[in-house]
Amino acid sequence: MSKKILIANKICKSFHDPITVQVLNDISFSVDKGEFISVIGRSGCGKSTLLYILSTMDTDYSGELFIDGVLMRTKKEKELARVRNEKIGFVFQFHYLLNEFSVLQNVMLPGLKLNKYSKKEVEHRAYEKLKVLGIENEALKLPNQLSGGQKQRVAIARALINDPLIIMGDEPTGNLDKKNSEVVFQIFKELANSFQQTLLIVTHDNEFAARTNRIIEMEDGKIINM
Amino acid sequence: MKYKLIASISKSLLFARFKQTLVAAIGVTFSITMFITLLSFMSGLNDLLDGLILNRTAHVRLYNEIKASDQQPVDLSEKYKGHHNFVSSVKPRDEKAEIHNSGAIIHALETDNRVTGVAPKIMAQVFYNVGSIDLTGVINGIDVDEETRLFFFKNYVVEGNYIDLKNTPNSIILGKGAAEKMMSAIGDIIQVTTSKGDRVQLKVVGYFQSGIQEIDKVQSYASISTTQKILGQPNSYITDIQVKLKNVLDAPMIAKEFQKKFNVEAVDIQTANSQFETGSSIRTLISYAVGITLLIVAGFGIYNILNMMIYEKMDSIAILKATGFSGKDVNNIFITIALSIGIFGGALGLLFGYGLCNIIEHIPFNTPSLPTVKTYPINYNPKFYMIGTVFSIITTYLAGYFPSRKASKIDPVIIIRGK
Chain X
7 MSKKILIANK
17 ICKSFHDPIT
27 VQVLNDISFS
37 VDKGEFISVI
47 GRSGCGKSTL
57 LYILSTMDTD
67 YSGELFIDGV
77 LMRTKKEKEL
87 ARVRNEKIGF
97 VFQFHYLLNE
107 FSVLQNVMLP
117 GLKLNKYSKK
127 EVEHRAYEKL
137 KVLGIENEAL
147 KLPNQLSGGQ
157 KQRVAIARAL
167 INDPLIIMGD
177 EPTGNLDKKN
187 SEVVFQIFKE
197 LANSFQQTLL
207 IVTHDNEFAA
217 RTNRIIEMED
227 GKIINM
Chain G
3 MKYKLIASIS
13 KSLLFARFKQ
23 TLVAAIGVTF
33 SITMFITLLS
43 FMSGLNDLLD
53 GLILNRTAHV
63 RLYNEIKASD
73 QQPVDLSEKY
83 KGHHNFVSSV
93 KPRDEKAEIH
103 NSGAIIHALE
113 TDNRVTGVAP
123 KIMAQVFYNV
133 GSIDLTGVIN
143 GIDVDEETRL
153 FFFKNYVVEG
163 NYIDLKNTPN
173 SIILGKGAAE
183 KMMSAIGDII
193 QVTTSKGDRV
203 QLKVVGYFQS
213 GIQEIDKVQS
223 YASISTTQKI
233 LGQPNSYITD
243 IQVKLKNVLD
253 APMIAKEFQK
263 KFNVEAVDIQ
273 TANSQFETGS
283 SIRTLISYAV
293 GITLLIVAGF
303 GIYNILNMMI
313 YEKMDSIAIL
323 KATGFSGKDV
333 NNIFITIALS
343 IGIFGGALGL
353 LFGYGLCNII
363 EHIPFNTPSL
373 PTVKTYPINY
383 NPKFYMIGTV
393 FSIITTYLAG
403 YFPSRKASKI
413 DPVIIIRGK
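So the protein lines, in turn, are chains X and G. Following the numbering used here, the numbering of the first sequence begins with 7 at its first residue and continues without gaps. Following the numbering used here, the numbering of the second sequence begins with 3 at its first residue and continues without gaps.
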């Protein structure tokens, strides 16, 4: 339980347009395997910005980021894409499913990209993930035939397909009603408890945050409580 | 495996905007169709026009030029050797236009393996007598069989049978224009006067039409022996030797060689007809320019549609990148889309182009100046199809390259944050 999956060391970030504003200031923390962490804070405190840096999608920052013990700074775009593919699963506020593909194909895409298993195995794994999330019956539908809650569950299944080290979520319940939010939370909880899945969720839902293992509270680009 | 994934994503994006894709593909199809049709038609026309002259022109023509001797008697004199001699008003020697030793030359040419065939010819200046009026004319004495084999003489005899020229003694095939002026029908006897004043009667066995009116008004054909008889010359008398070569491009070189070897004047087809070459090459250039412009316009169509698609699919691109697809993968996806539009549209274009050429080839095209042509000429050169294919692929690749580069540079953060 003590293996550090993610280490952030003195991460700073500024926006320069139109004037220089420092959005992140000396962020340092680490994530252990199996932790279910929520990041909370007011709008504009930089929590989403931090998440994008941690997810390797944003490379314009100073400081050091280690994922699975490997420094991200020196990696090229293609290698970062590989890291995201293999080690990170994403769940966003909006589901971002591809409407041209069926639910099953959406879940399979990152798995096919990873190219670790054959297409048949990836399909089998995708079914398993959908089953865990209770939506295996919707597998062959198109995303726009599903409800909002179901879509978000498909997005979670997609995040899980490559057995990532960590799942990162940006307000994953932000677009959902109370009932569906609860469903999504229960899924996360279940993943953390039963599968030792590490989760890092940005949210402004304090009720949601209160039920996680650990809360990182941010204000004005700094961690004030962790 | 990896490429299959990219191909399947491309396919899905392609079919998601099926109508737009179709419009883009139709643009390519249209331009390739027009490209093929234009070039086939234009080059068919070129071949036809060139053929008017070039098919019937010897690759190398040997003849004897009437000109003043290079060495005047004074040059040979011992006494004035080393002096500068000025002789004014020099006249040509009294010499016949005949090629000396023509039999031996023809024999030598026939055994040369660069030569396809040799056709001897006699040019005789005559007057056609029509009542009290004399029309100037030229009678070409030809070897009927060789002339047909090498220069398609048969194709230009529009009435009567060309072989009668050989089989009927004292026969003539009149140029269509000349025949009209003389109002002579086939089977009539006409009278010609030679430049020496002899009058000869000849039987008209056919009409000849070259497509060039000025020639048809003047020229007529008779067999070699008939022409020799008209001129009162022995049967060794030949004024021209026409040589057809295996490779027409060798003509200038071979002409020079023959000139030296046989001590006669020799002119090659390129020198004699340089204006035709120029005309054809400019026509070809214009058709290529128009065809390629069409392709580029189609390329812009693809460019626009892909650009739009990228704006529409920005979210999808971002999520693909977030879940581990690299910029290169995204690039490949859009290049694949562009290329499939290009290849599909291009292939259809080649088919339609071929079809359109077929249709044009069956449209009647009757013109009095071109007796052998009944329909529009088309040249089915596989070269055009190859150029069409290559260009459709290149333009669609370029049309896909720039938008796809833009797509590959999309930063996943910006879109996701923007929501």
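Here a beta-carbon is modelled for each residue, glycine too, at the ideal position from N, C-alpha and C.
- Checking the DSSP bridge columns, you'll see L71 of chain X partnered with X:A14.
- For L353 of chain G, the uninterrupted alpha helix (DSSP H) run begins and ends at 329–363, by DSSP.
- Distance from the CA atom of I343 of chain G to the CA atom of G402 of chain G, rounded to whole angstroms, is 10 Å.
- Assigned with DSSP and collapsed to three states, S42 of chain G falls in helix.
- A121 of chain G places its beta carbon less than 9 Å from that of E148 of chain G.
- The beta carbon of G105 of chain G sits closer than 8 Å to the beta carbons of S238 from its chain, once the five residues preceding and following it are set aside; these are given in chain order.
- Within the same chain, and ignoring the five residues on either side of R19 of chain G in sequence, the residues whose Cβ sits closer than 7 Å to its Cβ are M311.
- According to the DSSP assignment, K123 of chain G belongs to no alpha helix (DSSP H) but to the beta strand (DSSP E) extending over 117–132.
- Within chain X, not a single residue places a beta-carbon under 8 Å from that of F20 of chain G; the smallest gap is close to 11 Å.
- With respect to the C-alpha of R95 of chain G, the residue from G:R116, G:A70, G:L111 having the closest C-alpha is G:A70.
- The beta carbon of E134 of chain X sits no closer than 9 Å to any beta carbon of chain G.
- K263 of chain G and L251 of chain G have their C-alpha atoms spaced approximately 20 Å apart.
- Here the segment 332–341 of chain G makes no contact with the segment 104–119 of chain X; the two share fewer than three CB pairs at distances below 8 Å.
- In terms of Cα proximity to F346 of chain G, the closest of G:V146, G:T325, G:I362, G:I395 is G:I395.
- When 9 Å is used as the limit between beta carbons, R88 of chain X is near these residues of chain G: G326, S328, in chain order.
- Contact check for F302 of chain G and V62 of chain G: beta-carbon distance about 50 Å, past the 8 Å limit, so the pair fails to qualify.
- When Cβ-Cβ separations below 9 Å define contact, K323 of chain G makes contact with chain X.
- Under DSSP, G208 of chain G forms a beta bridge with G:G162, G:I175.
- Excluding its 5 nearest sequence neighbours in each direction, S187 of chain X has C-beta neighbours in its own chain below 8 Å: T179, D211, F214, listed in chain order.
- For K10 of chain X against V208 of chain X, the beta-carbon gap comes to about 20 Å, at or over 8 Å, which does not count as contact.
- In this structure, D317 of chain G lies away from A87 of chain X, with their beta-carbon atoms at least 9 Å apart.
- In this structure, D176 of chain X sits away from L12 of chain X, with a CB-CB distance that is not shorter than 9 Å.
- Rounded to the nearest angstrom, the Cβ distance from L182 of chain X to F194 of chain X is 13 Å, too far for a contact under 8 Å.
- Going by DSSP, N231 of chain X is part of the beta strand (DSSP E) stretching over 228–231.
- Spatial neighbours of N15 of chain X in its own chain (CB-CB distance under 8 Å, excluding positions within 5 residues in sequence) are listed in chain order as S34, G69, E70, L71, F72.
- Using a Cβ-Cβ cut-off of 9 Å, P405 of chain G is close to nothing in chain X; its nearest Cβ partner there is about 18 Å away.
- Of the candidates G:S45, G:Y65, G:L353, the residue whose Cα lies closest to the Cα of A268 of chain G is G:Y65.
- Against S318 of chain G, the close residues of chain X are L104, in the order they occur along the chain (beta-carbon pairs closer than 7 Å).
- Using a Cβ-Cβ cut-off of 8 Å, N91 of chain X is close to T325, G326, F327 of chain G, given in chain order.
- Per DSSP, Y239 of chain G lies in no alpha helix (DSSP H) segment and is marked neither H nor E.
- For S342 of chain G, the closest Cβ of chain X is not nearer than 9 Å.
- Membership of Y223 of chain G in the beta strand (DSSP E) is indicated by the continuous run 221–225.
- In the three-state scheme derived from DSSP, where H, G and I count as helix and E and B as strand, M224 of chain X is classed as strand.
- Non-local beta-carbon contacts of L247 of chain G in its own chain, meaning distances under 7 Å to residues more than five positions away in sequence, involve H61, V62, R116, V117, T118, A253, I256 in chain order.
- The three-state secondary structure of Q99 of chain X, taken from DSSP, is coil.
- The Cβ-Cβ distance between T138 of chain G and I174 of chain G does not fall below 9 Å.
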